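One structure is given below, encoded as structure tokens.
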């Protein structure tokens, strides 16, 4: 079957806290930090890509395909990992944690389900842990529909990635337990009544 021309685009993407994301909604949950492959990890509807810089801008190119690419370009990149992702609403996009969503296409045009993303990275050793005004890191994300599979590493040659892989993964912080809105409103009314009472 012939592959239609893939949808491609590039944009600058804001990085904060050593990450940018792929997300299918504005609601994000604490993810912990899985450093096992040193590049990418995910939850349903949320994918985290680990950057060398702690803050600043990176160049992100995307290629949305219907079928997997026939070859892997290992010569031009420091790290390449295939990772299975799940989108709950079919609108997975590149996103910044602390900035507006960049102008890049939806990565999952076939709708909700499981996809494969091949994450390519280079330049993470240029300014590790730094804050940059001009991009020094580049990422290429190739996405296609596919059943869930174990991660596949095509290349791991960066020092920063090796440092991440050597660290233990950190679990997600506990989600604070919240009381229902009714209980909160009731307590607020009691406080207001106490203040009004002479």
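In the working numbering, the protein residues as written are 36 to 233. Beta carbons: idealized from backbone N, C-alpha and C, even for Gly. Source: prediction; values computed, not measured.
Residue nearest to residue i in terms of C-alpha spacing, selected from the options
| i | options | result |
| --- | --- | --- |
| residue 144 | 157, 118, 125, 84 | 125 |
| residue 77 | 115, 61, 95, 119 | 119 |
| residue 104 | 57, 153, 47, 200 | 153 |
| residue 201 | 74, 54, 101 | 74 |
| residue 82 | 135, 142, 107 | 142 |
| residue 102 | 130, 186, 151 | 151 |
| residue 185 | 44, 116, 136 | 116 |
| residue 88 | 114, 134, 170 | 170 |
| residue 114 | 60, 203, 175, 134 | 175 |
In DSSP terms, what residue i is bridged to
| i | result |
| --- | --- |
| residue 166 | 90 |
| residue 118 | 152 |
| residue 172 | In DSSP, residue 172 forms no bridge with anything. |
| residue 96 | 45, 175 |
| residue 141 | Per DSSP, none; premise fails for residue 141. |
Residue i, DSSP secondary structure in three states
| i | result |
| --- | --- |
| residue 81 | strand |
| residue 191 | strand |
| residue 199 | helix |
| residue 160 | coil |
| residue 52 | coil |
| residue 179 | strand |
| residue 42 | strand |
| residue 131 | coil |
| residue 107 | coil |
| residue 126 | coil |
| residue 212 | Caution is warranted here: a pLDDT of 41 is assigned to residue 212, below 50, making its placement in the model unreliable, and no coordinate value can be reported. |
| residue 207 | Here the model assigns residue 207 a pLDDT of 46, short of 50, so the residue's position is not dependable and the matter cannot be decided. |
| residue 57 | strand |
Between the CA atoms of residue j and residue i - distance to the nearest angstrom
| i | j | result |
| --- | --- | --- |
| residue 194 | residue 160 | 6 Å |
| residue 223 | residue 128 | Because residue 223 sits at a pLDDT of 44, beneath the cut-off of 50, its placement in the model cannot be relied upon, and the point is left open. |
| residue 50 | residue 149 | 25 Å |
| residue 180 | residue 147 | 10 Å |
| residue 162 | residue 198 | 14 Å |
| residue 58 | residue 182 | 19 Å |
| residue 27 | residue 164 | Missing from the structure shown is residue 27; the chain here goes from 36 to 233 and no further. |
| residue 122 | residue 168 | 32 Å |
| residue 208 | residue 84 | Low confidence applies to residue 208: its pLDDT is 41, below 50, so where it sits in the model is not reliable, and the reading given next is rough at best. Cα-Cα distance, rounded: 18 Å. |
| residue 52 | residue 86 | 9 Å |
| residue 111 | residue 130 | 25 Å |
| residue 191 | residue 72 | 9 Å |
| residue 93 | residue 136 | 14 Å |
| residue 203 | residue 54 | 17 Å |
Supposed close pair residue i, residue j - CB separation, criterion 8 Å
| i | j | result |
| --- | --- | --- |
| residue 166 | residue 91 | 5 Å |
| residue 56 | residue 178 | Residue 56 to residue 178, Cβ: 14 Å. No contact. |
| residue 97 | residue 139 | 5 Å |
| residue 189 | residue 109 | 6 Å |
| residue 100 | residue 173 | In fact, because the Cβ distance is near 19 Å, the residues do not count as touching under 8 Å. |
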